[in-house]
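Participant:
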Amino acid sequence: DQRLTNKVAIITGGAAGIGKATAELFLKHGARVMLVDINAEQLAATADELNSPDVRWVAADVADEAAVKDYVNQTLDQFGRIDVFFNNAGIEGKMGPITEQSMENFDRVMAVNVRGAFLGLKYVLKQMLKQGSGSVINMSSVAGLDGTATAAPYVTSKHAVTGLSKCAALEVASHNIRVNSVHPSPINTRMMRSIEELFSPGHPEEAKQKLERGVPLGRYGESEEVANLVLFLASDESSYITGSAYRVDGGMGA
Ligand code: NAD
């Protein structure tokens, strides 16, 4: 049974990792999907791999307002509506104590993770308000609920996404639009490879073992395990759920 029949979804950060896994699952459930990513080459390769008549893609930096307007307009040109918005693009930035952080790193993490999420909401919600329906899933993290030493820019940005998500939910609830956030613990993607290297330069496997020991289920999650939650929040099965923050964290929050 298909759970997203006739729905149009935008997925940012759709070229890789959790965004790509979600695109695959959405397509399987009958959605038409617009992939958005800053990495045009990877995006084209992913679209090829998904090999579906229901996929389109547009290269965009989500921190750039003109590019955000463009991906929303291109989605409307191609598909005529937007039912689901997976506001997922994000970067980890550089690790290190606050006293050692460069403001360039702080600004770029905030630009992609916060400004990018805000801009996506700004233009996608305009369309959903016209339609009088929609479901938005904002990608936060366990880092949007808890702290981590040496990841202050990322943690700060993801806490901002958690708050933004609640504000948006309250603003549009009376228009039949739902907004929720998802909060994964370490998931097996390129981002974790990069974080392991940042935590233990030259010995990423040590960082991985240490991180996995902190997870009650004893392992990283897989992108598909996040995608399953996003599918539920995107579909009408979650019709009475808005303004909520969902952990998908192998037990880390317990
Ligand atoms: P990933 O690096 O595999 O994928 C992220 C994608 O976003 C990439 O394709 C990248 O090109 C794209 N992207 C980066 N900057 C962009 C920009 N400015 N504009 C458009 N696209 C951009 O990582 P992932 O693990 O799949 O991460 C997806 C989201 O999940 C991120 O927001 C991340 O913070 C969040 N998250 C990841 C984990 C994890 O452990 N992997 C845990 C919690 C939350």
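Residue 1641 in the working numbering sits at position 184 of the sequence shown, with consecutive numbering throughout.
Yeah, the Cβ is synthetic: ideal placement off N, Cα and C, and Gly gets one too.
Computed from a predicted structure; not experimentally measured.
Taking the straight line between their C-alpha atoms, what separation do you get for residue 1645 and residue 1518?
Facilitator: Numbered from 1 along the sequence shown, position 188 holds the residue referred to as residue 1645. Numbered from 1 along the sequence shown, position 61 holds the residue referred to as residue 1518. Cα-Cα distance, rounded: 23 angstroms.
Participant: So, using beta-carbon positions, are residue 1493 and residue 1515 closer together than 8 angstroms?
Facilitator: Position 36 of the sequence shown holds residue 1493. Position 58 of the sequence shown holds residue 1515. The answer is yes: Cβ separation under 8 angstroms.
Participant: Considering Cα atoms alone, identify which of 1706, 1591, 1690 and 1463 is closest to residue 1600.
Facilitator: Indexing the sequence shown from 1 puts residue 1600 at position 143. Selected option, being the one with the closest Cα: 1706.
Participant: Across the region 1673-1689 and the region 1575-1585, are there enough close Cβ pairs to call them in contact, namely three or more that are closer than 8 angstroms?
Facilitator: No, because fewer than three Cβ pairs between the region 1673-1689 and the region 1575-1585 fall closer than 8 angstroms, the two stretches do not touch.
Participant: Out of 1648, 1555, 1556 and 1632, point me to the one whose CA is closest to residue 1598's CA.
Facilitator: The residue you call residue 1598 lines up with position 141 of the sequence shown. Out of 1648, 1555, 1556 and 1632, 1648 has the C-alpha closest to the C-alpha of residue 1598.
Participant: Output yes if chain B places a C-beta closer than 8 angstroms to the C-beta of residue 1556; else output no.
Facilitator: In the displayed structure, chain B is absent; only one protein chain is listed.
Participant: From residue 1484 to residue 1509, what does the alpha carbon distance come to, in whole angstroms?
Facilitator: Looking up residue 1484 in the sequence shown gives position 27. Looking up residue 1509 in the sequence shown gives position 52. Spanning the two alpha carbons is a distance of roughly 8 angstroms.
Participant: By the 10 Å Cβ neighbour count, where 16 or more other Cβ atoms means buried, how is residue 1677 classified, buried or exposed?
Facilitator: Along the sequence shown, one-based indexing puts residue 1677 at 220. When all chains shown are included, residue 1677 counts as buried.
Participant: Can you check whether the CB of residue 1594 is closer than 8 angstroms to the CB of residue 1690?
Facilitator: Taking the first residue of the sequence shown as position 1, residue 1690 is located at position 233. Taking the first residue of the sequence shown as position 1, residue 1594 is located at position 137. A contact, by the Cβ cut-off of 8 angstroms.
Participant: Would you call residue 1555 buried or exposed, if buried means 16 or more other Cβ atoms sit within 10 Å of its Cβ?
Facilitator: Residue 1555 sits at position 98 when you count from the first residue of the sequence shown. Label assigned to residue 1555: exposed.
Participant: Closer than 7 angstroms: is that where the CB of residue 1470 sits relative to any heavy atom of the ligand NAD?
Facilitator: Sequence index remark: in the sequence shown, residue 1470 carries index 13 (1-based). Result yes, Cβ under 7 angstroms from the ligand NAD.
Participant: For the region 1466-1477 against the region 1486-1500, do three or more pairs of beta-carbon atoms, one drawn from each stretch, fall closer than 8 angstroms, so that the two count as touching?
Facilitator: Cβ pair count under 8 angstroms is three or more, so yes.
Participant: How would you write the range of the beta strand (DSSP E) that residue 1560 sits in, first residue to last?
Facilitator: Against the sequence shown, residue 1560 aligns to sequence position 103. Counting along the chain, residue 1560 falls outside any beta strand (DSSP E), though it belongs to the alpha helix (DSSP H) covering 1560-1567.
Participant: For the alpha helix (DSSP H) that residue 1530 lies in, which residues bound it at each end?
Facilitator: Locating residue 1530 in the sequence shown gives position 73, counting from the first residue. 1522-1536 is the span of the alpha helix (DSSP H), which, as asked, contains residue 1530.
Participant: Tell me which residues share the same chain as residue 1618 and place their Cβ nearer than 6 angstroms to its Cβ, disregarding the 5 neighbours each side in the sequence.
Facilitator: Translated into the one-based positions of the sequence shown, residue 1618 becomes position 161. Closer than 6 angstroms at Cβ, skipping near neighbours: 1574, 1595, 1597 and 1601.
Participant: Rounded to whole angstroms, what is the Cα-Cα separation between residue 1576 and residue 1570?
Facilitator: As a position in the sequence shown, residue 1576 is number 119, starting the count at 1. As a position in the sequence shown, residue 1570 is number 113, starting the count at 1. Spanning the two alpha carbons is a distance of roughly 10 angstroms.
Participant: Looking only at its chain, what residues have a beta carbon closer than 6 angstroms to the beta carbon of residue 1674, apart from the 5 residues adjacent to it on each side?
Facilitator: Taking the sequence shown and counting its residues from 1, the one referred to as residue 1674 is at position 217. Once the five neighbours on either side are set aside, the close Cβ partners of residue 1674 are 1707 and 1708.
Participant: Is residue 1640 helix, strand or coil by DSSP?
Facilitator: In the sequence shown, residue 1640 corresponds to position 183, counting from 1. Note: residue 1640 maps to strand in three-state DSSP.
Participant: Taking the alpha-carbon positions, what's the residue 1506 to residue 1513 distance?
Facilitator: One-based indexing of the sequence shown puts residue 1506 at position 49. One-based indexing of the sequence shown puts residue 1513 at position 56. Their Cα atoms are separated by approximately 12 angstroms.
Participant: Nearer than 7 angstroms: is that true of the beta carbon of residue 1562 relative to any heavy atom of the ligand NAD?
Facilitator: Translated into positions along the sequence shown, residue 1562 becomes position 105. Checking the Cβ of residue 1562 against the ligand NAD gives no.
Participant: With residue 1652 as the anchor, note down where its alpha helix (DSSP H) starts and where it stops.
Facilitator: In the sequence shown, residue 1652 corresponds to position 195, counting from 1. Its alpha helix (DSSP H) spans residues 1647-1656.
Participant: Under a Cβ-count criterion, where at least 16 other Cβ atoms within 10 Å of its own Cβ denotes burial, should residue 1587 be classed as buried or exposed?
Facilitator: Residue 1587 sits at position 130 when you count from the first residue of the sequence shown. So residue 1587 counts as exposed.
Participant: To the nearest whole angstrom, what separates the beta carbons of residue 1536 and residue 1591, a pair I think is in contact under 8 angstroms?
Facilitator: Taking the first residue of the sequence shown as 1, we reach residue 1536 at position 79. Taking the first residue of the sequence shown as 1, we reach residue 1591 at position 134. So it is not a contact: roughly 13 angstroms between Cβ atoms.
Participant: Excluding five sequence neighbours on each side, which residues of the same chain lie with their C-beta closer than 8 angstroms to the C-beta of residue 1533?
Facilitator: Along the sequence shown, read from residue 1 onward, the residue named residue 1533 stands at position 76. Excluding residues within five positions, the ones whose Cβ falls inside 8 angstroms are 1539 and 1584.
Participant: Cβ atoms of residue 1478 and residue 1681: under 8 angstroms apart, would you say?
Facilitator: Working through the sequence shown from its first residue, we reach residue 1681 at position 224. Working through the sequence shown from its first residue, we reach residue 1478 at position 21. The answer is yes: Cβ separation under 8 angstroms.
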